[in-house]
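Colleague: Take this structure first; my questions come after.
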Amino acid sequence: MIITLYINGKKESVECQPGEMLTEVLRRAGYVEVKKGCDTGNCGVCTVLLEGKPVLSCSYLAVRADGKHITTIQGAAKEAEEFAHFLTAEGADQCGFCAPGFALTVLAMKKEMPNPSEGEIRHYLAGNLCRCSGYEGQIRAIKKYLEADHA
Amino acid sequence: MEILEFASPRTLDEALHLVRDRHGTAIGGAAWLRMNTKIMPLGVDLSELGLDYIREAAPDSIEIGAMTTYRELETSPLLEARFGRLFSTTVSHIVGIQLRNIITVGGTLAGRYGFSDLNTTFCALGAKVIFYPGKSVDVASFIQDGEEGPFLIEKVLLPASAKASYQQVRITANDFPIINAAAAWTGSSWRIAVGSRPAASRLCKKAMVLLGNEPYPSDEKIEQAASAAAEELQFGSDIRASAEYRREILPALVRRALMEVRG
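Protein sequence lines, in the order shown, are assigned to chains A and B.
Number 80 in this note's numbering belongs to position 80 of the first sequence; there are no gaps in the numbering.
When you read off a place in the second sequence, starting at 1, and then add 151, the result is the number in this note's numbering.
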């Protein structure tokens, strides 16, 4: 079946099977910045924004995204690059595999919670696992990123 | 999971027809579909039916649509105003916000999953599951006995004046619970439910009788009810914990839940 997706502001008509998950369809359409991680709904690597909300694309039926707006990390490149400066400054970029999903979740959090506490940050990011276990550096980076935004 | 045909009905009547007469499978959040190797001849998408709502309903009830996500439960001002942090406590340990933006109330109920946090809280609250076009069944009965024949879950009805507490133990924050428990004062009686035994949620009827209709039971009475809950239920062993361990730690959870509600 053919579905229409608005990916990073661009209208795309893509073919998918009824039982296919969004990760597969996005990657097949060339959006390979959407990473495949655990593929079991646990690690957060495949996160995209669907109508502005973070979802696991590995666990979201592609057909349900028909007509919806999807943002991958490429679609949020400017904000992601700003955030990346803070990540690298704290040595928290490490292997980078979790970074696309992680950065998108941080950007969603920033919109939803303008001034989160450290506890709220940790809670919001609980679904983004880092295989390098660089969590402390990530938390420092997020706090400095948000502080800079408020300055 | 392979879905051979996919339908997106626009009305509940159409959805019911597809489920009942064409043997379609209603699809909730669909987060677990990928883990299944079965072939689904007809998938019935419920996401276009306007079933994502949390609202007040007469008399003194709150209704939650079947397609409401866990994240919506967690952040609902109405649920927080009525039940405090109950729903946030119940669902906020589940994986991450990205998954909680997908998984739904109806999918959780229909699956009658053993590991469910939410079904335990629903059972304790005395929630009713409403099957379209209107049949109402106590959630605890549905979790225990299921429903004969094809069904379509429309919503859940909560008694808005009930007061409840949810408690759980997990090995790690985002894992399934080893065991969970919820207790509620409905205004006239106590209800206690235990889930993740690892089997599905059950009411602790003997413990509930022990507490009677006294809104402020003594510490001693609470202790007795907590022990009774552990004695009356069956527990199993799995990769997360043994039956003995589950039985041993349950009284502490029931005690905490009862004390939190009693105040």
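We treat Cβ as the ideally placed atom computed from N, Cα and C, and that holds for glycine.
1) With which residues is Asp196 of chain B paired in a DSSP beta bridge?
2) Hey, would you say Glu153 of chain B sits closer than 7 Å to Gly41 of chain A, going by beta carbons?
3) Is there contact here, the segment 297-308 of chain B with the segment 203-216 of chain B, by at least three beta-carbon pairs under 8 Å?
4) So Cys46 of chain A and Gly37 of chain A are in contact, right, with Cβ under 8 Å, and what is the actual spacing, rounded?
5) Put Met202 of chain A into one of helix, strand or coil per three-state DSSP.
6) So does the segment 74-85 of chain A actually touch the segment 101-114 of chain A, counting three or more Cβ pairs closer than 8 Å?
7) Would Leu202 of chain B pass as a contact of Thr241 of chain B if the rule is Cβ separation under 7 Å?
8) Measure from the alpha carbon of Ser347 of chain B to the alpha carbon of each residue in B:Ile281, B:Asp389, B:Ala166, then state which is nearest.
9) Taking a Cβ distance cut-off of 7 Å, strictly less, list which residues of the segment 244-270 of chain B are near chain A, in chain order.
10) Check whether chain B comes within 7 Å of Val55 of chain A, counting only Cβ atoms and requiring the distance to be less than that.
11) For Ser316 of chain B and Lys11 of chain A, what's the separation of their Cα atoms in angstroms?
12) Against Arg140 of chain A, what residues of chain B qualify as contacts under a CB-to-CB distance less than 7 Å, listed in chain order?
13) Report the rounded CA-to-CA distance for Glu371 of chain B versus Ser339 of chain B, giving the unit in angstroms.
14) Would you kindly report the start and end of the unbroken beta strand (DSSP E) that includes His491 of chain B?
15) Going along chain A, which residues have a C-beta under 9 Å from Ile322 of chain B?
16) Answer yes or no: does any C-beta atom of chain A fall closer than 7 Å to that of Glu165 of chain B?
17) Under 7 Å, Cβ to Cβ, is there at least one residue of chain B near Arg131 of chain A?
18) Output the boundary residues of the beta strand (DSSP E) element that contains Phe266 of chain B.
19) Measure the Cβ-Cβ separation of Lys35 of chain A and Leu50 of chain A and say whether it is below 7 Å.
20) Does the distance from the CB of Ala291 of chain B to the CB of Gly257 of chain B come in under 7 Å?
21) Strictly below 8 Å CB to CB, what residues from chain A border Ile154 of chain B?
22) Counting only C-beta atoms, is Thr47 of chain A closer than 7 Å to chain B at any point?
23) Return helix, strand or coil for Phe282 of chain B, following the three-state DSSP convention.
24) Below 8 Å on C-beta distance, what does Gly194 of chain B contact in chain A?
25) By DSSP, does Phe327 of chain B sit in helix, in strand, or in coil?
26) Is there at least one Cβ from chain A nearer than 7 Å to Arg185 of chain B's Cβ?
27) If I follow the unbroken alpha helix (DSSP H) through Arg216 of chain B, where does it start and stop?
28) Which of the three DSSP states is assigned to Ala209 of chain B in this structure?
29) Against chain A, with Cβ distances strictly below 7 Å, would Phe157 of chain B count as a contact?
30) How is Leu415 of chain B classed by DSSP in three states: helix, strand or coil?
31) What residues from chain B crowd round Asn42 of chain A, counting only those whose CB sits closer than 7 Å?
32) Does the distance from the C-beta atom of Asp196 of chain B to that of Ile178 of chain B stay below 7 Å?
33) Residues of chain A with a CB under 7 Å from the CB of Ser347 of chain B: which are they?
34) List the residues that DSSP assigns as beta-bridge partners of Thr47 of chain A.
35) Please give the ranges of any beta strand (DSSP E) in the segment 65-130 of chain A, keeping only runs that are unbroken, at least 3 residues long and fully inside the region.
36) Any idea what DSSP makes of Val25 of chain A, helix, strand or coil?
Modeller: Reading off the structure:
1) B:Ile178
2) Taking 7 Å as the Cβ cut-off, Glu153 of chain B and Gly41 of chain A do not qualify as a contacting pair.
3) yes
4) Taking 8 Å as the upper bound for CB-CB distance, Cys46 of chain A and Gly37 of chain A are in contact here, some 6 Å apart.
5) The requested residue 202 of chain A does not occur in the structure, where chain A is confined to residues 1 to 151.
6) yes
7) No, the pair does not count as a contact, with Cβ atoms beyond the cut-off.
8) Shortest Cα-Cα distance from Ser347 of chain B to any of B:Ile281, B:Asp389, B:Ala166 involves B:Asp389.
9) Val246, Gly247, Ile248, Gln249, Leu250, Asn252, Ile253
10) yes
11) 47 Å
12) Within 7 Å Cβ-Cβ: nothing; Arg140 of chain A doesn't reach chain B, min ~20 Å.
13) Looking at the backbone, the Cα of Glu371 of chain B and that of Ser339 of chain B are separated by about 20 Å.
14) No statement about residue 491 of chain B is possible, as the shown extent of chain B runs from 152 to 414 and does not include it.
15) Those within 9 Å of Ile322 of chain B in chain A number zero; the least Cβ separation is about 14 Å.
16) Output row for Glu165 of chain B: interface = no.
17) no
18) Note, Phe266 of chain B: premise wrong, no beta strand (DSSP E); not H, not E.
19) no
20) Taking the C-beta atoms as reference points, Gly257 of chain B is found no nearer than 7 Å to Ala291 of chain B.
21) Gln17, Pro18, Gly19
22) Judged by the 7 Å Cβ criterion, Thr47 of chain A is in contact with chain B.
23) strand
24) Pro18, Gly19
25) Phe327 of chain B: coil per DSSP, three-state reduction.
26) yes
27) What sits at residue 216 of chain B in the sequence shown is Gly, not Arg. Taken as a continuous stretch (DSSP letters only), Gly216 of chain B belongs to no alpha helix (DSSP H), being part of the beta strand (DSSP E) at 212-216.
28) coil
29) Residue-level contact check: Phe157 of chain B touches chain A, since one or more beta carbons of chain A fall below 7 Å from its beta carbon.
30) Chain B is shown only over 152 to 414; residue 415 of chain B falls outside these bounds and no answer can be derived.
31) Val246
32) Yes, the pair counts as a contact, with Cβ atoms nearer than the cut-off.
33) Within 7 Å Cβ-Cβ: nothing; Ser347 of chain B doesn't reach chain A, min ~18 Å.
34) A:Leu56
35) Counting only runs that start and end inside the segment 65-130 of chain A, the beta strand (DSSP E) elements of at least 3 residues fall at 69-71.
36) helix
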